[in-house]
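Note that my numbering has the sequence shown beginning at 11, numbered continuously upward. Built from N, CA and C at the ideal position, the CB exists for glycine as well. Just so it is clear, the structure is predicted and the values come from calculations on it, not from any experiment. The next block holds one structure in the form of structure tokens; read it before the comments.
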Amino acid sequence: MQKILFVGLGRMGSNMATHIAALPGYEVAVHNRSPEKITAWLKSNAGAAYSAGERYQVIALCIGNDEDVSGQLLEAGLLRQLEPQGVVIDHTTTSANLAHVMNKAVAEAGGHYLDAPVSGGEAGAVNGTLSCMVGGDESALQSVQPILQAYCANIVHIGESGAGQIAKMANQFCVAGVVAGLAEAVQLVKREGVDPDKVYQAISGGAAQSWQMDNRFANMVDDEFDFGFAIDHMIKDLGYAIEHAAAQGWQPQMVSMVNQWYQALSAEGRSTQDTSVLVKHYDSA
């Protein structure tokens, strides 16, 4: 039995860990800074709580940011519990620089580090249909394919360490632009008083169709935002991407503007609402 430690039982991680627990041949331990989430997960899944005395062949993380990852692996000492030649799968969306730092630290500890952010949201985690973009050693990726396939429908090796995070930045650039365009489209429909269902039926069959349109148009119309991908997570993701671009000597103008709108909405108390709440920016525009 291969022992896996899964760190982070939020909206995404709890479902990803559940898929792993259903696989034959794996023993799953879970760890979270909120103990009640561990208790809740163990009530519904076969597994165990993290033990400081155990060693693990795989450590997977889906947590908050750069500081959380380095804090868990280095300061809290989880990396010391990785078996020789073990693999760290980091699903956290972080900076590319953090991926380079962690890759070096894990290699020095005798293991392999994969920066493997995902896209597809909570629904993708629940349904096992996430898309995973991976940076790091390709042979290490092949060794953990059965694990990733439990919750990812699309797994792509992008390149060397950090490349997975670059791909995720590109993903978030696209999402920000599409959501902003969709929000303006919904505002147009509302202000003109035409039937939003008929508009959706028409334009979703053409060139404007997208995942965001299929999954977020209706809740923008209905003002339903208490689900999905929280805007504070998007602010964090876009912040890393904007900083990375600045370090390369350019500014992503559209993304920077959208991120400012998200920051304003967060300041209004909407920090945990879905990114589609961007449509509310136009209420005061």
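Environment of residue i [buried if 16+ CB atoms lie within 10 Å]
i      : result
MET26  : buried
ASN137 : exposed
ASP224 : exposed
SER44  : exposed
SER294 : exposed
LYS290 : buried
TRP260 : exposed
VAL201 : It is worth fixing the name first, because residue 201 is Arg in this sequence and not Val. ARG201 comes out exposed.
ARG90  : exposed
SER54  : exposed
VAL68  : buried
VAL116 : buried
VAL204 : exposed
SER24  : buried
TRP221 : exposed
GLN82  : buried
Start and end residues, beta strand (DSSP E) containing residue i
i      : result
HIS167 : 162 to 169
HIS122 : 122 to 125
ALA39  : 36 to 41
MET315 : Because the chain here runs from 11 to 295, residue 315 falls outside it and cannot be looked at.
GLN82  : Looking at the DSSP string, GLN82 is not in any beta strand (DSSP E), and its letter there is neither H nor E.
GLY145 : 140 to 145
ALA70  : 66 to 71
Terminal residues of the alpha helix (DSSP H) in which residue i lies
i      : result
LEU89  : Here LEU89 belongs to no alpha helix (DSSP H), and DSSP marks it neither H nor E.
LEU158 : 155 to 158
LEU108 : 106 to 118
MET26  : 23 to 31
ALA50  : 45 to 54
VAL185 : 173 to 202
ALA135 : 131 to 137
Nearest-angstrom beta carbon gap, residue j and residue i [assumed within contact, 8 Å]
i      : j      : result
GLY96  : LEU124 : With 8 Å as the limit, GLY96 and LEU124 do not qualify as a contact, their Cβ atoms being about 11 Å apart.
ALA39  : GLY57  : 6 Å
ILE99  : VAL154 : 6 Å
ASP147 : HIS122 : 5 Å
GLU118 : GLY238 : Actually they are not in contact, since the Cβ atoms of GLU118 and GLY238 sit about 38 Å apart, beyond 8 Å.
TYR66  : LEU15  : 4 Å
HIS29  : ALA160 : 4 Å
VAL209 : ILE241 : The pair is not a contact, with the Cβ atoms about 25 Å apart (cut-off 8 Å).
PHE235 : GLN283 : 4 Å
LEU52  : ASP76  : About 29 Å; that fails the 8 Å criterion.
Exercise. When the Cβ atoms of the region 129 to 143 are set against those of the region 163 to 171, are three or more pairs found closer than 8 Å?
Worked result: yes
Exercise. Which full runs of the alpha helix (DSSP H) of 4+ residues lie inside the region 210 to 289, going along the chain?
Worked result: Taken in chain order, the complete alpha helix (DSSP H) segments of 4 or more residues contained in the region 210 to 289 are 221 to 232, 241 to 257 and 263 to 275.
For this session: Mind the definition here: the region 256 to 265 touches the region 273 to 284 only if three or more C-beta pairs lie below 8 Å; say whether that holds.
Result: Under the Cβ criterion (8 Å, minimum of three pairs), the region 256 to 265 does not count as touching the region 273 to 284.
For this session: Would you check if the region 102 to 116 and the region 169 to 188 touch, i.e. whether three or more CB-CB distances between them fall below 8 Å?
Result: yes
Exercise. Touch check for the region 220 to 234 and the region 194 to 206: three-plus C-beta pairs under 8 Å?
Worked result: yes
Exercise. Is the number of C-beta pairs between the region 243 to 261 and the region 211 to 219 that are closer than 8 Å three or more?
Worked result: no
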